[in-house]
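Since the structure comes first, as structure tokens, the remarks are kept for the end.
Numbering (full-length UniProt numbering), first residue to last: 1 to 686.
Structure below.
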């Protein structure tokens, strides 16, 4: 009977089985193993992703042989129940082993490790500490893990990321190999087609050339024959005349012959013959030859029809990323350029842009991709237009690896083009918000909150109770809780709450001394800045005070006369810390400052007043130069990214700029600014 397995058998068994039960794709114990037609075994999920990545075709990840794919894909492959049982057994044994085994020193066998050498970053035993690590600082493993955490999960994560990169490169290489084969076949076909075409052209040229030779020969031979016939006739005629004259000379002298009728006739013929132009010079020569095209002859002598062209592969470590600018005005085109270089840094050109991937991370966690095209002289070009104000991150990968200089950051600056300038019957307006299609404005000088439509026509106002104690309402800031409106009242040192425009209640009067800015979170809690107590007071949904954030002072987390406030998408409270010339971003759940932004613009210190946050958590503040008398030239609006990076400034002509609100749609964003002493509302297109 077989001996039952115990945990002591674990290491001996699992060490061998774990290797054989490893998925060839994710390199860990198989999960829901499936058997391929080639008998190799893979995870169901892994082979499904593997098939999708290869366009629906099944290639074995081990032997790389094409396999028939069932109609229902990876799920249709047969389950391997025996392998699944073995995997469950090995995992159970590994759990027992992990829970019971003690790590042993690799250098001093069987001695347990108890400490970590901080110098070498390796576990050591007592003997190591006394010998090879004697001068190094060591700490107990438990203490190291408490401070640094278990390094194995991090290393495992890094290994898995590296594995993903390898798989990405393997896929690229396999695709490249397939494309190489296609291009190889195409090049051979094109060569054969070209040679056949050339041969056909040569045959046609051959026939044409022989025709030309035949034509020239016939022309020359015809001319020679005609001239020969003419001269032969003349020769015969002259010979006959000469022969007659010779016969006459034998009988009598020339004078005598001329005197006769026959002599006179002969004399006339000879005279005519002597005056006749017989064109004795040859009309044709014997030259007939071919003058060859020298370029064609040289090409044939080179024994080549052309040049076989291959292109070097661009190298991610040498190919450098650059942007046309590091700061761009919103809605303006930005050029992304990649200087393509080979492994030794030499410029190259490539027509294949599929291996290049540009990822744009925009404000608000939006991520998109842009395509590269071949630019001038060994450069790949892509363009994009920033749609939102804020900080963008541009990452470019080549064959799955980041290129040189990647990632790069781009700041999209506000346009700041004024499109709204409304002067109504305001008297020192102080704050503004939008809800539905209306604006709600705290008209401080007129002791009211007025409601205006999009055309800035008044359509109503908040109704106050007839209680004489509530006379001379002094509204400072306004916010919407999701159900009601809340308004800070400086005169009565409280917060008033309204349903639509009807007074509902007041709260905070037992604690607030100088309520200024007000904001609400998604849960309906209300945050109120107190300029006199230098803190942020938190009220729950029942309007009970549940927390006080900060306190007087200038250190981190303390305030000096906080003015306007807002809540970002993370639930953090963003505070205009007026007296400390800064913005503080506070996590209300921990009463800790997550970011602190000192307002130093154009090398000057500014007082921070109005404040608003957009949907991407960019921060806008109205500021006034510290120490200057009131004047339009000293005030502006400054925008910061959520991390506190300066995005830009806009707006001028303010006279005590106060609260703000942001109107956003899919295409545009407008920042509405209260220009208090000028009794107007100004709107700027971002």
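Backbone N, C-alpha and C define an ideal beta-carbon position, used for all residues, glycine too.
### Every unbroken beta strand (DSSP E) inside the UniProt domain "RING-type" (23-64) [3 residues or more]
The UniProt domain "RING-type" (23-64) contains these whole beta strand (DSSP E) runs: 33-35, 41-43.
Alpha helix (DSSP H) segment containing residue 129, residue limits: Counting along the chain, the unbroken alpha helix (DSSP H) around residue 129 starts and ends at 126-130.
message = What does the alpha-carbon distance come out to for the pair residue 116 and residue 155?
response = Their backbone Cα atoms lie some 16 Å apart in a straight line.
To the nearest angstrom, how far is it from the Cα of residue 8 to the Cα of residue 122? For residue 8, the predicted model reports a pLDDT of 39, less than 50, meaning its position is unreliable; a value from the coordinates is still stated below. Cα to Cα, the separation comes out at about 27 Å.
Margin query: Suppose contacts are defined by Cβ-Cβ distances below 8 Å. Is residue 586 in contact with residue 638 by that definition?
Written below: Their beta carbons are not under 8 Å apart, which means residue 586 does not touch residue 638 by this criterion.
Quiz item: When burial is assigned at 16 or more other CB atoms within 10 Å of the CB, is residue 264 buried or exposed?
Solution: Flag for residue 264 reads exposed.
**Test item: CB-CB of residue 636 and residue 432 under 8 Å** = One thing to note: residue 636 has its Cβ no nearer than 8 Å to the Cβ of residue 432.
- [ ] Inspect the CB distances between the stretch 355-372 and the stretch 668-680 and report whether three or more fall short of 8 Å.
- [x] Result no; under three Cβ-Cβ pairs closer than 8 Å.
Requested in this report: Could you tell me how far apart the beta carbons of residue 451 and residue 501 are, in whole angstroms, since I believe they sit closer than 8 Å?
Outcome: A Cβ-Cβ distance of about 7 Å is found for the pair residue 451 and residue 501, placing them in contact under the 8 Å criterion.
- Query: Which of helix, strand or coil does DSSP assign to residue 423?
  - Reply: Note: residue 423 maps to strand in three-state DSSP.
Could you give the residue range of the beta strand (DSSP E) that holds residue 361?
DSSP places residue 361 in the uninterrupted beta strand (DSSP E) bounded by 356-362.
inquiry  = Can you tell me whether residue 90 is helix, strand or coil according to DSSP?
reply    = Here residue 90 sits in helix by DSSP.
If you drop the 5 nearest sequence neighbours on each side, which residues of the same chain put their C-beta closer than 7 Å to that of residue 696? Nothing can be reported for residue 696, as the shown portion of the chain is limited to 1 through 686.
- Which residue from 380, 563, 425 puts its Cα closest to that of residue 457? Comparing Cα-Cα distances from residue 457 to each of 380, 563, 425, the minimum goes to 425.
Worksheet item: Tell me, which residues are paired with residue 408 by DSSP?
Response: BP columns for residue 408 point to 394.
Put residue 540 into one of helix, strand or coil per three-state DSSP. DSSP places residue 540 in coil when its eight states are reduced to three.
Practice task
Rounded to whole angstroms, what's the CA-CA distance from residue 110 to residue 127? Just pull it up for me.
Solution key: Roughly 11 Å separates the two Cα atoms.
From residue 526 to residue 378, what distance separates their C-alpha atoms? Rounded to the nearest whole angstrom, the CA to CA distance from residue 526 to residue 378 is 58 Å.
Exercise for the section: Counting only the same chain and skipping the five closest in sequence on each side, list residues whose C-beta sits under 6 Å from that of residue 630. Expected result: With a pLDDT of 46 at residue 630, under the threshold of 50, the modelled position of that residue is not reliable, and the figure given next carries that caveat. Here residue 630 has no same chain residue with a Cβ atom under 6 Å from its own Cβ, once five neighbours each way along the sequence are excluded.
| DSSP state of residue 389, grouped into three classes? | When DSSP states are grouped into helix, strand and coil, residue 389 belongs to the coil group.
Does the beta-carbon of residue 192 have 16 or more other beta-carbons within 10 angstroms, so that it is buried, or is it exposed?
It counts as exposed.
_Nearest neighbour of residue 394, chosen from 409, 382, 404, 210 [CA to CA]_ = Each of 409, 382, 404, 210 was checked against the Cα of residue 394, and the nearest Cα belongs to 409.
Is DSSP giving residue 686 helix, strand or coil here?
Per DSSP, reduced to three states, the secondary structure at residue 686 is coil, with no helix or strand assignment.
Cβ neighbours of residue 253 in the same chain (closer than 6 Å, five flanking residues each side left out): Below a pLDDT of 50, predicted positions are generally treated as unreliable, and residue 253, at 47, falls in that range; no measurement from the model is reported.
**Prompt:** Between residue 497 and residue 484, is the Cβ-Cβ spacing less than 8 Å?
**Reply:** Yes, the Cβ-Cβ distance between residue 497 and residue 484 is below 8 Å.
message: Taking DSSP's pairing of strands, which residues face residue 635 in a bridge?
response: DSSP, once it has assigned bridges, lists 624 as partnering residue 635.
**Item:** Proximity of residue 416 and residue 651 at Cβ, strictly below 8 Å
**Value:** Against a cut-off of 8 Å, the Cβ pair of residue 651 and residue 416 comes out as a contact.
Item to complete: Could you pull the start and end residues of the beta strand (DSSP E) that residue 430 belongs to?
Response: Here the beta strand (DSSP E) through residue 430 covers 429-435.
Here's a check: name, in chain order, each residue in its chain whose Cβ is nearer than 8 Å to the Cβ of residue 492, leaving out the five neighbours to either side. So the list reads 469, 470, 473, 474, 506, 509, once near-sequence residues are dropped.
Problem set entry | As assigned by DSSP and simplified to three states, the class of residue 254 | Model confidence at residue 254 stands at a pLDDT of 48, short of 50, so the residue's coordinates are unreliable; what they give is reported in the following sentence. Helix, per DSSP.
message = Is it buried or exposed, residue 217, if we count other Cβ atoms within 10 angstroms and call 16 or more buried?
response = Exposed, because fewer than 16 other Cβ atoms sit within 10 Å of the Cβ of residue 217.
query: Thinking C-alpha only, which one of 140, 603, 489, 295 is nearest residue 445?
result: Nearest Cα to residue 445 within the set 140, 603, 489, 295: 489.
Alpha carbon of residue 442 to alpha carbon of residue 642, nearest angstrom:
Rounded to whole angstroms, residue 442 to residue 642 spans 28 Å at the Cα level.
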